[in-house]
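Note sheet for the following structure.
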Amino acid sequence: MKTQKMQDRVFGIIVLAVAAFYTVFTFLIPLKEGSDIINARTMPLLLAALMWILGVCQLVTARKADDKPLEKEARDLRTVLKTAVLIVVYIALFEPVGFLITTFVYLFLQFILLTPADKKPNYLFYGIVALVVSLFVYAIFRYSLDIILPQGLITFF
Amino acid sequence: MLELFAQGFANVFSPFCLVLMVLGTVIGIIFGAVPGLSSVMAIALFLPLTYGMDPGQGLSVLVALYIGSVSGGLVSAILLKIPGTPASIATCFDGHPMLARGEGAKALGAGVFYSFLGTIISVVALMFIAPQIAKVAINFGPHEYFAISIFSLMLIATLSSGSMIKGIFSGVLGLAFATVGIAPLDAVKRFTFGTVALSDGFDVLTVMIGLFAVSEVIKIAEVAKREKASDVAQVNMKVKGFGFTVKEFVQQIPNAIRAALVGLGIGILPGIGAGTSNLVAYTVNKNADKKHSDEYGKGYIGGIISSETANNASVGGAMIPLMTLGIPGDGVTALLLGAFMVHGIAPGPLLFQNYGPLVYTIFVACLVATVLMLAIEWYGMRIFAKVLKVPRHILLPIVFVLCVVGAFGLSSRVFDVWAVLIFGVIGYFFTIFKVPQAPFVIGFVLGSMAETNFRRGMMMSDDNFLDFFTKPIAAAFLIFTLVYFIYVVVKEIKKAQARKTASGQAV
Amino acid sequence: MKKKQLFASVLAGALLLGTLAGCGNSASGDSAEEWPTKAVNVVVTASAGGDTDFNARTFATYFEQVTGQPMVIANTAGGGGSVATSEVKDSKADGTKILFCHTGQMIVNEVAGLIDYSMDDFDIACIPAVDKGTVLVASKSSGITSVEDLVEKAKAAPGEITYASELGGYSHLQGLILMGKAGIDLKILDIGSASDKITNMLGGRVDLAAISYGAVKDYAETGDLVILAQYNEERNENLDPDIPTFVECGIDFVMEKPYIIAFPKGTDQAIIDKINEVAAQIAEDPDYQAALIDGYNQPAEYIAHDEALELLAQTREEYMAYQDLLQ
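Protein chains in written order, with the numbering used here: chain A, 9 to 165; chain B, 1090 to 1596; chain C, 5 to 331.
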């Protein structure tokens, strides 16, 4: 995204893509026999139409947008991606492995991952925080909110 | 009446009840402040405890939880830029810029004080004019609900300070996500892709914590590596009183009054509440407060006042139909209704007449809880601010875990946790393209309400669309929506032209 | 570099644990005879605060008193209850997860085509309680004063009198059966929950609705709403004793709403016998009986396994006659 114009254009295209996706699936909504003029597709159709209009408007206004280069926003996309992967693995294992183990591991790794470059990760401290948080949250949910978080491999609680 | 009041006071001021109310207020504030935990959870937690108490005391404790939790959301909204509950979304807009500017204490102080004021105003309304204003709620049928939801949507979608197209798109996308699941009336399955989990659609809590909290966690990853200890905003808590001056207070009176009226008005309508009213009040004040219109969103105290006065005014507002009509407006008041029922009391038009002492106990409890909230939050401000001393690479992962368990706790399924992640990714993309998140949440909340009531209205009117314009309340809202839309578009075009000529001259 | 290695190895470890998890669980199964040995998860098909939730929670309290093990309630109201029923149906049949619902979700959802399975896909345990608090109510503005009056007015102007329901749901079916049995034609509208029904009746936008007695008691006294009849076989003495049954009004119409406890198909018979034993014991408890009357004017009633199955099968057959109208 070097210029505002490019960013606006990309956004317009995303809006149109979402509109296209939504429109296709709107027409796949089954209708009941004898449905009136107003039925389950009415609202989605209206929204799809609005998305198309917004997308086109966005592309039209993007033509007039600033061509000057944007200030570079430094994004550390590698860390973002690693965080995303970590979160996905965490949620995927949440139920089979259980809350306590996954949360402990997730927190521990996430702490390390987000540690500022000029600092050394303090593994012992991270481990203790991760352990205390997972146990505390589990206990609160189990004993006062009556919600059993996934137990997974640890079933003796 | 005085006699009843005295009796109420005697009930509430028993040591047992008072201790539990303090506890309730504290827990309510915590549940409100922590993203992922909600008012409903807080009340569900205490509900079984109240079964064994007498009805007045039991309800007093629940009221304390309710008031605390609606107010508590402001803490995380200001300190973390993550609203603790939907009721504090608009508090983020100005709260966080104020914090970044070093005025965190003032932001918190204003939030706390106006939460107090908003609650007091609505409780007074509940005490003295409840039966009269409850009649307003009765006049709202499907046509009127459709009109008011369209009206609120329009207000909030055009609120965004940047591109209006992006604001409206955000709202439309929220509406689109609300169409996932079983359609109203004919129960057709939409966008479920053959899965059972999607037939229930998404829960609003997952939408909110995804968009605001999880996107914030992902965003932190962008800069975490480079962050230095000195970058972290610290709050100077050495302030007098609530951090704002008497002059500011006087200046903000019109804003506070407008916000309280909006909060109360929206609160009394079952189905819409604090989650909507804070944003509507914010927009109304941004438009009405002409002199400072441009300062909203950049750390203006009026923004916090609008949001926090309105959301707490909705608390008393929501109690009105509950206590005068026996009609709960949301998850929290439904639980309160359950608390009445367990004791064999069915709230309705005769509640004041048949259970006078109980009613006045609840009134007194509301007042006491409001004062407790003020005192606890005022002292607590110093403790809340300490949260910021926790390094962000430790704090935000913990916030994320709380979001995960909060989502899981909704109905014990991992699907809701995945939903949180999906909305988190959407929220992250929104921040990249500078799309406002609030219209999405409101679109999602009001979307199914708009559609359901539109279809119900059409059914009631035998598919005659004109009925939406022959019913006076509905017509007024719809026409105002149209006029407002034209006004905003014209303003936008003028602004664009002004920019064009300005840049033309520059070249 | 070191950090990366650690990251990777822990991730790999976590994945390994995930694959092992499947095997781990089956080993810890409990023998059915001793059920329940730990907390039982109860999925309730309604949100917190309503009648179904109330019945489930009250039952759960006494279940813990009798067995010493808690019942943990999860409210899963979505999709007209179909999300909850599907969840339990697809769970492991080990007695750790059970369904608490009523005929609305177990039978009406099937009749309405909302779900593609039926009560036969569950192991129905028993009927722990029966709702007997529902009454037919007319708004003041409709001018209807009794069932006889309603029938007369409806026959004079077919399709004019409006009836509030949730389309495809229990109250819709209630309306359809009423129309069938009374031989009248009403205009059925989608209005929503009990609260929506009350506000719309008070606002004069709809004429009739079936609502729980507790919610309309005050309005009957103020005259804003008129209670026409109760859906029970015999008068429920906990309601206003003057409310007639439909049968007394000359319409052969009874529609009591049994709550159902069901397990996933394939659950050990010993567990089902055990919960029947517990439910029978709970129904005898005077405190439990009093709690039900306080909450929803509902006398305690427990129907054991065989009898319950028979009753439900019969109910299903009866409802199926309205399949075309409901869908």
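We put the CB at the ideal spot given by N, CA and C, even for glycine.
For A48/A, a Cβ of chain B is located within less than 8 Å of the residue's own Cβ. One thing to note: E1337/B has its Cβ no nearer than 8 Å to the Cβ of S1204/B. DSSP places C105/C in the strand class (E or B) of the three-state scheme. D194/C belongs to the set of residues whose beta carbon lies under 8 Å from a beta carbon in chain B.
Residues of chain C whose Cβ lies closer than 9 Å to the Cβ of H1432/B are, in chain order, D298, G299.
Straight through space, the alpha carbons of L1138/B and Q1146/B are spaced by roughly 11 Å. Apart from sequence neighbours up to five positions away, the residues of its chain that approach V23/A with a beta-carbon distance below 7 Å are M59, L62, G63, Q66, ordered along the chain. Under a 10 Å Cβ-count criterion, A1591/B is classified as exposed, with fewer than 16 other Cβ atoms of the shown protein chains found around its own Cβ.
About 18 Å separates the beta carbon of Q318/C from that of K136/C, a gap too long to meet the 8 Å contact definition. With the criterion set as a beta carbon lying under 8 Å from some beta carbon of chain C, the members of the region 134-157 of chain A are D154, I155, I156, in sequence order. At the C-beta level, A1496/B and G1125/B come within 8 Å of one another.
Residue contact with chain A for S1501/B: present (Cβ-Cβ distance below 8 Å to some residue of chain A).
Secondary structure of Q234/C (DSSP, three-state): strand. Under the 8 Å Cβ criterion, the region 1519-1532 of chain B counts as touching the region 1245-1264 of chain B, having at least three qualifying pairs.
Counting only runs that start and end inside the region 1377-1432 of chain B, the alpha helix (DSSP H) elements of at least 4 residues fall at 1390-1414, 1420-1431. A Cβ-Cβ distance of about 16 Å is found for the pair F126/C and A60/C, leaving them out of contact under the 8 Å criterion. Among the residues facing chain A, V46/C is not included, as its CB has no counterpart in that chain under 8 Å away. Three or more Cβ pairs drawn from the region 1150-1158 of chain B and the region 1110-1129 of chain B lie within less than 8 Å of each other, which places the two stretches in contact. The Cβ atoms of G1536/B and L1264/B sit closer than 8 Å to each other. Pairing G1332/B with A1179/B gives a Cβ-Cβ distance that is not under 8 Å.
Under the Cβ criterion (8 Å, minimum of three pairs), the region 233-241 of chain C does not count as touching the region 1568-1586 of chain B. Take the alpha-carbon of Q293/C and the one of V1129/B: they are about 28 Å apart. Contact of G1427/B with chain C by beta-carbon distance below 8 Å involves A52, G53, G54, D57, F58.
Chain-ordered, the chain A residues with CB closer than 8 Å to the CB of V76/C read D154, I155, I156.
DSSP assignment within the region 1538-1567 of chain B yields no whole beta strand (DSSP E) run of 3 residues or more. Looking at the backbone, the Cα of F63/C and that of A48/A are separated by about 39 Å. Judged by pairs of C-beta atoms under 8 Å, the region 1288-1307 of chain B touches the region 1495-1514 of chain B, as three or more such pairs exist.
Note on L117/A: 16 or more other CB atoms within 10 angstroms of its CB, so buried under the neighbour-count rule.
At a cut-off of 8 Å between beta-carbon atoms, L1197/B makes no contact with chain C. Against chain B, the CB of Y131/A has no partner CB under 8 Å away; the residue lies outside that interface.
Taking the Cα positions, K1387/B is about 27 Å away from S1238/B.
In this structure, Y223/C lies near P1438/B, with their beta-carbon atoms less than 8 Å apart. Annotation for M1462/B: T1114, I1156, G1157, S1160 place their beta carbon closer than 6 Å to its own, counting only its chain and skipping 5 residues before and after. Q15/A and K1589/B have their alpha carbons spaced roughly 20 Å apart. When 8 Å is used as the limit between beta carbons, N1228/B is near these residues of chain C: G207, in chain order. For Q159/A, the closest C-alpha among the options G1097/B, S1501/B, I1472/B, I1218/B is that of S1501/B.
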